[in-house]
Amino acid sequence: MTAIPIGVELDGEGSHPAAWRVAAGPPTRLFDPERITARLTSIDASGLGFITFPEYRGSSPHPGVEAQLDTIEAAVFAAAVTSRVGLVPAANAIHAEPYHLANQLNTLDWAAQGRSGWIVSVEDSDRVSAAYGQEPHADTFGALLEARDVVTAVRRLWDTWEDDVLIADEENDRFLDLDRWHYADFSSERFSVKGPGLLPRPPQGQLVVWAEDAGAELVPLVDVIVLSADSTGTLTTRAREASELGIPRRVAAVEVALDAGGERAADRVAALDRWTPWPGHDRLRISGSVTEVADRLIALSAEVDGIRLHPAVLDIDLPVIIDELLPRLDVAGILRAPEQGGTLRDLFGLVRPVNIFELERETR
Amino acid sequence: MTSARISSEDYVRPNARLHLNVFQPFGPIYEWSKTPRLRDYYEPEKYVELAQQAERGLFTALFLGESLRLREHLGVLNDIAVTGRPDALALFAYLAAHTRHIGLVATLNTTYTDPVDLARRIATVDLLSGGRAGWNVVTTDNGWTGENFRRGGFLDRDNRYDYAESTWQPSKRSGMASHPMRSPLISAAPRGHVPAASQR
Numbered sequence: 004m005t006a007i008p009i010g011v012e013l014d015g016e017g018s019h020p021a022a023w024r025v026a027a028g029p030p031t032r033l034f035d036p037e038r039i040t041a042r043l044t045s046i047d048a049s050g051l052g053f054i055t056f057p058e059y060r061g062s063s064p065h066p067g068v069e070a071q072l073d074t075i076e077a078a079v080f081a082a083a084v085t086s087r088v089g090l091v092p093a094a095n096a097i098h099a100e101p102y103h104l105a106n107q108l109n110t111l112d113w114a115a116q117g118r119s120g121w122i123v124s125v126e127d128s129d130r131v132s133a134a135y136g137q138e139p140h141a142d143t144f145g146a147l148l149e150a151r152d153v154v155t156a157v158r159r160l161w162d163t164w165e166d167d168v169l170i171a172d173e174e175n176d177r178f179l180d181l182d183r184w185h186y187a188d189f190s191s192e193r194f195s196v197k198g199p200g201l202l203p204r205p206p207q208g209q210l211v212v213w214a215e216d217a218g219a220e221l222v223p224l225v226d227v228i229v230l231s232a233d234s235t236g237t238l239t240t241r242a243r244e245a246s247e248l249g250i251p252r253r254v255a256a257v258e259v260a261l262d263a264g265g266e267r268a269a270d271r272v273a274a275l276d277r278w279t280p281w282p283g284h285d286r287l288r289i290s291g292s293v294t295e296v297a298d299r300l301i302a303l304s305a306e307v308d309g310i311r312l313h314p315a316v317l318d319i320d321l322p323v324i325i326d327e328l329l330p331r332l333d334v335a336g337i338l339r340a341p342e343q344g345g346t347l348r349d350l351f352g353l354v355r356p357v358n359i360f361e362l363e364r365e366t367r
Numbered sequence: 064m065t066s067a068r069i070s071s072e073d074y075v076r077p078n079a080r081l082h083l084n085v086f087q088p089f090g091p092i093y094e095w096s097k098t099p100r101l102r103d104y105y106e107p108e109k110y111v112e113l114a115q116q117a118e119r120g121l122f123t124a125l126f127l128g129e130s131l132r133l134r135e136h137l138g139v140l141n142d143i144a145v146t147g148r149p150d151a152l153a154l155f156a157y158l159a160a161h162t163r164h165i166g167l168v169a170t171l172n173t174t175y176t177d178p179v180d181l182a183r184r185i186a187t188v189d190l191l192s193g194g195r196a197g198w199n200v201v202t203t204d205n206g207w208t209g210e211n212f213r214r215g216g217f218l219d220r221d222n223r224y225d226y227a228e229s230t231w232q233p234s235k236r237s238g239m240a241s242h243p244m245r246s247p248l249i250s251a252a253p254r255g256h257v258p259a260a261s262q263r
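Chains A and B, in that order, are what the protein sequence lines are. Numbering-wise (the working numbering), the first sequence opens with residue 4 and increments by one. Numbering-wise (the working numbering), the second sequence opens with residue 64 and increments by one.
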């Protein structure tokens, strides 16, 4: 058995669209910072390895609650109240200003002391474009090229301050070393960005870059891919394909509903479905007792480098996951918990990347 | 409201109280000989110390400046001063968790940021801080800063302020659920309108 990081997606009140109806607080308290803090600290103490913050995509997955916090700021807030768990916000690359994105995500990694990542979304709908007063791309390929340019520019901006750029040399009256401080000078057919970025290099060198089912254009830029498929067989195949493409780490997305409070998971889901049916997201969905769910996850763990759980209802399923499921996975030897002072790269066994500008200097 | 000038004689306020802001145009520490740990000049924890101190001193708000391109001298990056800083709103999400009362006012440029992003991000800080966010609205007047942005072309003086106003209005409204520009990226409404100061 290999121990792997197991994380959780914080999607509103849960993955089920009716989750908010059975949440512990009234809808007026969904954005209450104390409530959010309590949830985050319980996750941080649990051994769960990472939290992902999905972006609301306007396709009405949550009738009645069409609202969401900004994902990067939600992750920075989480950084302030946690000390172990990895924090991974999704942020759309389409129409984004890479300069802002690079600085915001770098600020997150500083705040989280190296516990952060970025899920590159490539969301190019009419609604998203209209919000920016822009037109959507003619095809997926165009969107992927834009995303590739944005990610490349962001990564380059992170490297513009080399690790030892700060010198505070009083004798020569220099705070920074000009030889280790660079313009990004990124340019493509679509745009250019001058640089340097606004902060010294992120504590991890580069944040861990994630994508959900990346297109080929993004593959070389991605550290972690999140795989979704509605069967273990397809997940296994996808994981092998991602491996062959050279993507370093593969994480399986799994929706879960557990027996809780004397109610069977299937009955709980059926009751929620009467409000709003739980749409299929082309994700593996496991429901049942702690033992049943644990057995499925243990089997799956051999095929991937991480698992991301999507609890049906956070207020109900998360306590069962934390109190009963995780200890069982730990006993089975498949749970890799984050360590105090560790980075997200440490958790996934990813090395700290060499700075692009350092490489350029050495090969000159 | 009339536009007549008000003099101190016809506006006597014997019980007036002043609001005090801490204005921090750059990082948490200015002089770079002050700490042996060089990362302190950028460390969010150092901003926490500053914000908590200001809160203890009963300041109304912490007010942060913004610059979107690092300074140069004769075409070379200026290497003699502490320069660069965290993103103000991201930093405020951190400070919100570490303070209880103090206002958090960010200087944010309308020239290089889309209204939909500003509205969502400011509203988020307002919610996470329990209603303590503020926005100092500014514009930029040079193409030099614009070189850091895809949509970096700058506008002449009159158009810049028209553009700022057209940014500000949708930003205010898109914090509310009923705006026709309503987008999938808009967050929950802030606690009432976020106070916006216009510098002109």
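Glycine is no exception: its CB is placed at the ideal position from the N, C-alpha and C atoms.
Check	Outcome
Cβ-based contacts, 8 angstroms cut-off: residues of the stretch 134-154 of chain B near chain A	VAL139, LEU140, ASP142, ILE143, ALA144, VAL145, THR146, GLY147, ARG148, PRO149, ASP150, LEU152, ALA153 and LEU154
Boundaries (first-last residue) of the beta strand (DSSP E) holding THR170/B	166-172
Inter-residue spacing [alpha-carbon to alpha-carbon] between ALA156/A and ARG267/A	49 angstroms
Assumed close pair ILE9/A, LEU43/A - CB separation to whole angstroms, cut-off 8 angstroms	17 angstroms between Cβ atoms; not a contact.
Where the stretch 164-178 of chain A meets chain B: residues whose CB sits under 7 angstroms from a CB there	LEU169, ALA171, GLU173, ASP176, ARG177 and PHE178
Cβ-based contacts, 9 angstroms cut-off: residues of the stretch 93-114 of chain A near chain B	ASN95, HIS98, ALA99, GLU100, PRO101, TYR102, HIS103, ASN106, GLN107, LEU108, ASN109, THR110, LEU111, TRP113 and ALA114
For LEU108/A, the nearest candidate out of VAL154/A, ARG286/A and ARG299/A (CA to CA)	VAL154/A
Own chain partners of GLY166/B with C-beta closer than 6 angstroms, once the 5 adjacent residues on each side are dropped	THR123, ALA124, ARG195 and GLY197
Counted within 10 angstroms of its Cβ, other Cβ atoms place ASP142/A as buried (16 or more) or exposed	exposed
Neighbour-count burial assignment, HIS98/A, 16 or more Cβ in a 10 Å radius	buried
Chain A contact residues for ASP177/B, given Cβ-Cβ distances below 7 angstroms	TYR135
Residues that ASP73/A bridges to, as DSSP identifies them	Paired residues: none, contrary to the question.
Interface flag, SER229/B vs chain A, CB-CB below 8 angstroms	no
Alpha-carbon to alpha-carbon, HIS284/A and ALA150/A	23 angstroms
Boundaries (first-last residue) of the beta strand (DSSP E) holding SER124/A	120-124
In DSSP terms, what VAL254/A is bridged to	VAL229/A and GLY309/A
Alpha-carbon spacing of SER231/A relative to LEU350/A, whole angstroms	21 angstroms
Residue-level contact to chain B via CB, GLU342/A, 8 angstroms cutoff	no
Contacts around LEU248/A, its chain only, beta-carbon distance under 7 angstroms, and the 5 residues preceding and following it disregarded	VAL222
Own chain, CB closer than 7 angstroms to LEU140/B, minus 5 neighbours either side, in chain order	LEU133
Local Cβ density within 10 Å of ALA79/B, reported as buried at 16 or more and exposed below that	exposed
8 angstroms Cβ cut-off: residues of chain C touching PRO203/A	The chain labelled as chain C is not found among the protein chains of the depicted structure, namely A and B.
Any C-beta of chain A under 8 angstroms from that of SER241/B	Confidence is the limiting factor: at SER241/B the pLDDT is only 29, short of 50, which leaves the residue's position unreliable and the question unanswerable from this model.
Which of helix, strand or coil DSSP assigns to ILE301/A	helix
As assigned by DSSP and simplified to three states, the class of HIS103/A	helix
TYR74/B burial status per 10 Å Cβ neighbour count (16 or more: buried)	exposed
Rounded C-alpha distance that separates ARG183/A from ALA133/A	41 angstroms
Cα-Cα separation, MET244/B to PRO101/A	Confidence in MET244/B is poor, its pLDDT being 31 and thus under 50, which makes the residue's placement too unreliable to answer from.
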